[in-house]
Amino acid sequence: MRGQHDGFSEAITASYPKTEIQKCIIHQIRNSTRYVSYKDLKKVTADLKPIYKASTEEAALLELDRFEEVWGTKYPLIIRSWRNNWTELATFFKYPPEI
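Mapping of the sequence shown onto this note's numbering: residues 115 to 213, in sequence order.
As structure tokens, this is what we get:
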């Protein structure tokens with residue numbers, strides 16, 4: 115899976131070095147499920163939800179580990195994509211939920 119908006123983060127941080135990038139979770143989910151078999155789609159989608167609904171980054175990483183235990187062998191690209199993009203997917207954990 116190619117990263118969403120390849121080069122976007124680099125271009126923004128080159129101009130605005132203090133910028134914190136938050137990649138879109140919806141796009142990450144869509145990219146994650148692009149190659150999932152129809153038979154697994156509902157379960158994979160449901161199993162991704164605890165990752166992005168977690169209350170802390172630590173809890174989200176534990177959920178990602180759990181997801182990998184279940185789906186990592188069958189869908190390694192999903193795991194790789196979430197882990198490779200984690201820094202920019204998890205930015206929102208730095209802020210209070212109200213934001």
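Even for Gly, the Cβ is constructed at its ideal location relative to N, Cα and C.
| Asked | Found |
| --- | --- |
| Nearest by alpha-carbon distance to Ser169: which of Ser123, Ile126, Thr205 is it? | Thr205 |
| Residues in the same chain with beta-carbon distance under 6 angstroms from Met115, minus the five sequence neighbours each way, listed in chain order, please. | Note that Met115 scores a pLDDT of 46, beneath 50, so its modelled location is shaky; the value from the coordinates is reported in the next line. Counting only Cβ-Cβ distances below 6 angstroms, and skipping sequence neighbours, we find Asn145, Leu191, Ser195. |
| Going along the chain, which residues of its own chain have a beta-carbon closer than 7 angstroms to the beta-carbon of Trp200, five neighbours each way excluded? | none |
| Under a Cβ-count criterion, where at least 16 other Cβ atoms within 10 Å of its own Cβ denotes burial, should Leu162 be classed as buried or exposed? | buried |
| So Glu172 and Ser123 are supposed to be a Cβ contact under 8 angstroms. How far apart are they, rounded? | Actually they do not touch by this definition, with Cβ atoms about 23 angstroms apart. |
| What three-state label does DSSP hand Arg152 in the structure shown? | First, the residue type needs correcting, since residue 152 is Tyr and not Arg in the sequence shown. If DSSP states are grouped into helix, strand and coil, Tyr152 belongs with the helices. |
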